[in-house]
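Q: Be aware that the sequence shown starts at 5, since it is given in UniProt numbering, and climbs by one per residue.
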Amino acid sequence: ILEDADIVADWAARFVLQRVTQFAPGPDKRFVLGLPTGGTPLGMYRKLIQFYKEGKISFKYVTTFNMDEYVGLPRDHPESYHYYMWNEFFKHVDIDPAQAHVLDGNAPDLVAECARFERLIQEAGGVHLFIGGIGPDGHIAFNEPGSSLVSRTRVKTLAYDTLEANKRFFGNDISKVPRQALTVGVGTVMDAKEVMILITGVHKALALAKAVEEGVNHMWTVSAFQQHPQTLFVCDEAATLEL
Ligand code: GLP
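1. Use the C-beta contact count for His207: other C-beta atoms within 10 angstroms, 16 or more gives buried, fewer gives exposed.
2. With 16 as the cutoff for other CB atoms within 10 Å, does Lys60 come out buried or exposed?
3. Any heavy atom of the ligand GLP closer than 6 Å to the Cβ of Ala145?
4. CB Ala104 to CB Thr161, shorter than 7 Å?
5. Measuring from the CB of Pro112, is there a heavy atom of the ligand GLP at a distance below 6 Å?
6. Under 8 Å, with one C-beta from each stretch per pair, do the stretch 129 to 141 and the stretch 28 to 41 reach the 3-pair mark?
7. Roughly how many angstroms lie between the CA atoms of Lys64 and Asn70, to the nearest whole one?
8. Any heavy atom of the ligand GLP closer than 6 Å to the CB of Gly42?
9. Taking 6 Å as the cut-off, is the CB of Asp72 close to at least one heavy atom of the ligand GLP?
10. Are there any heavy atoms of the ligand GLP lying less than 6 Å away from the beta-carbon of Phe76, as far as the coordinates show?
11. Taking DSSP as the reference, what is the three-state secondary structure of residue 277?
12. Are the beta-carbon atoms of Ile144 and Val226 separated by less than 7 Å?
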């Protein structure tokens, strides 16, 4: 538990820096990182860009997998997660574009695209560190309430609460928010060696309480991580109001 969202961002970026540099990735030894989008991790990305510019970290031998992507939103739409990742992070660092994987929400065969993504993660040897955020309804990635806790990457219809929470990015017009997304499953994230979940703001307080103080429950999918051997919840004071 840290004081505020800025300190959470700083802490999370330092954690990534420490893990990547300690691993010392190279051409035959890539560090595999799972990445989230949303408002919460923005500060962490800014800090990581700063570390890169200061020569403290390189992403040359880092492979990334993003958690999710909207279905049917053009890649260059400012709210697509593809656009977000390139704009907010990838274009500012030395990552190899071929190693920065974001699900393609416009693939002609979405089921095959999800299977391809799972295969790529396997071929990369699994994820060393998966970073995530949560929705106010306790979803991780787009694993909406009721999702199977052993789910894999798949197409998911978004819950009304998620459309409501994300309409702020679509001119406050809920009809503009895509109705479906591709998302890694809870099981996909559970397979990572280490997981770090960032939770800030009083609007996430109920979700955090459900996640850590009640039983593992598919209606609050992030609660599954109680059973992960190496998961860290990094929160600000505001998010802990219900604990
Ligand atoms: C979306 C994403 C999640 C993200 C959540 C919270 O639903 N699919 O991966 O964690 O938003 O976003 P924010 O950080 O903006 O609150």
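Glycine included, each C-beta is placed from N, C-alpha and C at the ideal position.
A: Looking at the coordinates:
1. By the neighbour-count rule (16 or more Cβ atoms within 10 Å), His207 is not buried but exposed.
2. Counting Cβ neighbours within 10 Å, Lys60 comes out exposed, since fewer than 16 surround it.
3. Answer for Ala145: yes, Cβ within range of the ligand GLP.
4. Ala104 is not a Cβ neighbour of Thr161, given a cutoff of 7 Å.
5. For the ligand GLP, no non-hydrogen atom lies closer than 6 Å to the CB of Pro112.
6. Contact between the stretch 129 to 141 and the stretch 28 to 41 is present, because at least three Cβ pairs lie under 8 Å.
7. Each residue's Cα considered, the two are about 17 Å apart.
8. Gly42: yes, Cβ under 6 Å from the ligand GLP.
9. Yes, the beta carbon of Asp72 sits closer than 6 Å to at least one heavy atom of the ligand GLP.
10. First, the amino acid is wrong: residue 76 is Gly here, not Phe. It does not: the Cβ of Gly76 is nowhere closer than 6 Å to a heavy atom of the ligand GLP.
11. There is simply no residue 277 to check, as the chain begins at 5 and stops at 247 in what is shown.
12. Yes, the Cβ-Cβ distance between Ile144 and Val226 is below 7 Å.
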